[in-house]
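Everything below concerns the one structure shown next.
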Amino acid sequence: MLETSVLSLAYGVAVGWQLTSTSTFGTLGLTAQAFGVIGQFGPLAMTGGLDFNPQDTSTVTVTYPPGCAPQTESVTLAAPAYKSAWFKTTLTFFGAELALTLNHWAYPYSKDPADPEGIEEFAWPCCPPQTQAYTLVGFVAYAAPATLTSRFADCGNGITFKDVTLTLSEASLCCGITHDLRVYFTRLGFQYLSFTLDLPLCCGISLEASVTYTVAEKTFGLKPKWSGGGQVRFEVYGDVLWDDVMMTIEGLAIYGYRLRCEFSACSYVEFLTALDVSKVEQILDDEDLLHGNEFQYVRLGFCGPGCCGGHYTIGVAVYFQPSGTLFGFTRIGVDVAVPLLANLILTTSFGVTATGDPSSLSVGWIMTF
Numbered sequence: 002m003l004e005t006s007v008l009s010l011a012y013g014v015a016v017g018w019q020l021t022s023t024s025t026f027g028t029l030g031l032t033a034q035a036f037g038v039i040g041q042f043g044p045l046a047m048t049g050g051l052d053f054n055p056q057d058t059s060t061v062t063v064t065y066p067p068g069c070a071p072q073t074e075s076v077t078l079a080a081p082a083y084k085s086a087w088f089k090t091t092l093t094f095f096g097a098e099l100a101l102t103l104n105h106w107a108y109p110y111s112k113d114p115a116d117p118e119g120i121e122e123f124a125w126p127c128c129p130p131q132t133q134a135y136t137l138v139g140f141v142a143y144a145a146p147a148t149l150t151s152r153f154a155d156c157g158n159g160i161t162f163k164d165v166t167l168t169l170s171e172a173s174l175c176c177g178i179t180h181d182l183r184v185y186f187t188r189l190g191f192q193y194l195s196f197t198l199d200l201p202l203c204c205g206i207s208l209e210a211s212v213t214y215t216v217a218e219k220t221f222g223l224k225p226k227w228s229g230g231g232q233v234r235f236e237v238y239g240d241v242l243w244d245d246v247m248m249t250i251e252g253l254a255i256y257g258y259r260l261r262c263e264f265s266a267c268s269y270v271e272f273l274t275a276l277d278v279s280k281v282e283q284i285l286d287d288e289d290l291l292h293g294n295e296f297q298y299v300r301l302g303f304c305g306p307g308c309c310g311g312h313y314t315i316g317v318a319v320y321f322q323p324s325g326t327l328f329g330f331t332r333i334g335v336d337v338a339v340p341l342l343a344n345l346i347l348t349t350s351f352g353v354t355a356t357g358d359p360s361s362l363s364v365g366w367i368m369t370f
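Each position in the sequence shown, counted from 1, maps to that position plus 1 in the working numbering.
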């Protein structure tokens, strides 16, 4: 049964300027509506959008920051209603960029509307009773390889400093060695420093080493890479055991590891083993990575030429637990995308479990104009 369809429209209103509309339809009609604008005037570029809730009146659980009372609250959504807006203006000159960003949310929405992969979690950033609107203003300065981002927030009681981030991307040291550096501060002070070093060895083999320091812990990672005949990456997830009194390293804690072999842009095989599932999910920023007692998966990806100059893709993932089923198998998931026309892609996802949970099947399409 068709569950979701998306209609995207674009209209040019002037040279270099375009208005867009994205309408999402479900089994009950229009479920989401967004409008956007994109344009450029000389060195000045602008993008932005508005999101609306056409009909959802469900009850959701809103979470508040630590220290707020209450920590959670049940809220019934109003519809039709405005959800959020975002705008970004960028000025480019002599290879450098200055940008101003503005985000505004109506309570209780919190998803970044500029992130198409984001999920609405209703994580309101202000403590009650500041539950009317939330505004976030950002200033971004970029000159390769450095980016400086400062953000200011307003919960309805006046704008205040939120955080500042300094990033150096692919900065060259010498002899082909590059590094990335990221430093993050909030109004509470230093939060973390992340340093990544890309060290070329020989024969297309390089080693990527990363270290992250926070106020509470240190983590490290090693990723061997091979640029010949595909790419091989081996990642180790862990932490440095540090003695704050003696100022010495006591050992290393290993949370898990992942091996990925990439044969093309969309053909790969990947193995992951989590010795500490919660830690690995936290590092990979995916709380739904493993279910139940699962600790391991194998993923395969394939692609090939399809209709009208496109490419089909197939992804297969098999998950395992320590015991309780044959070979520890728990579930398998398959994702397929097949181009039918130059502007139409059919997508299918289905999953089968061996633990008694229900199987799943979804079918959709992506149409571009």
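Positions of the beta carbon are idealized from the N, C-alpha and C atoms, including for glycine.
query, result
"C-alpha gap between Leu101 and Ala86, whole angstroms", "14 Å"
"Three-pair Cβ contact test at 8 Å for the stretch 36–48 versus the stretch 56–63", "no"
"Cβ separation of Thr23 and Ser6, assumed to be a contact under 8 Å, to the nearest whole Å", "Between Ser6 and Thr23 the Cβ distance is about 12 Å, and since that is not below 8 Å, they are no contact."
"Endpoints, the beta strand (DSSP E) within which Ser363 is located", "Ser361 to Met368"
"Contacting residues, own chain, Cβ-Cβ under 6 Å from Leu169 (five flanking each side not counted)", "Pro146, Ala147 and Leu182"
"Coarse secondary structure for Val98, derived from DSSP in three states", "Residue 98 is actually Glu in this sequence, not Val. Of the three classes helix, strand and coil, the one that applies to Glu98 here is strand, per DSSP."
"Cut-off 6 Å between Cβ atoms - residues of its own chain near Thr369, not counting five sequence neighbours on either side", "Asn344"
"Where Thr73 falls, given that 16 or more other Cβ within 10 Å makes a residue buried", "exposed"
"Burial state of Tyr65 (16 or more Cβ within 10 Å)", "buried"
"Helix, strand or coil at Gly357 [DSSP, three-state]", "coil"
"Residues that DSSP places opposite Pro55 in a beta bridge", "In the DSSP output, where bridge partners are listed per residue, Pro55 has none listed."
"Whole-Å CB distance - Pro114 paired with Gly50, under 8 Å assumed", "6 Å"
"The stretch 301–318 / the stretch 329–347 touching (three or more Cβ pairs under 8 Å)", "yes"
"Option in Leu189, Val184, Gly257 and Thr179 with minimal Cα separation from Pro201", "Thr179"
"Within the stretch 104–192, ranges of the beta strand (DSSP E) (whole runs, at least 3 residues)", "134–144, 147–155, 160–175 and 178–187"
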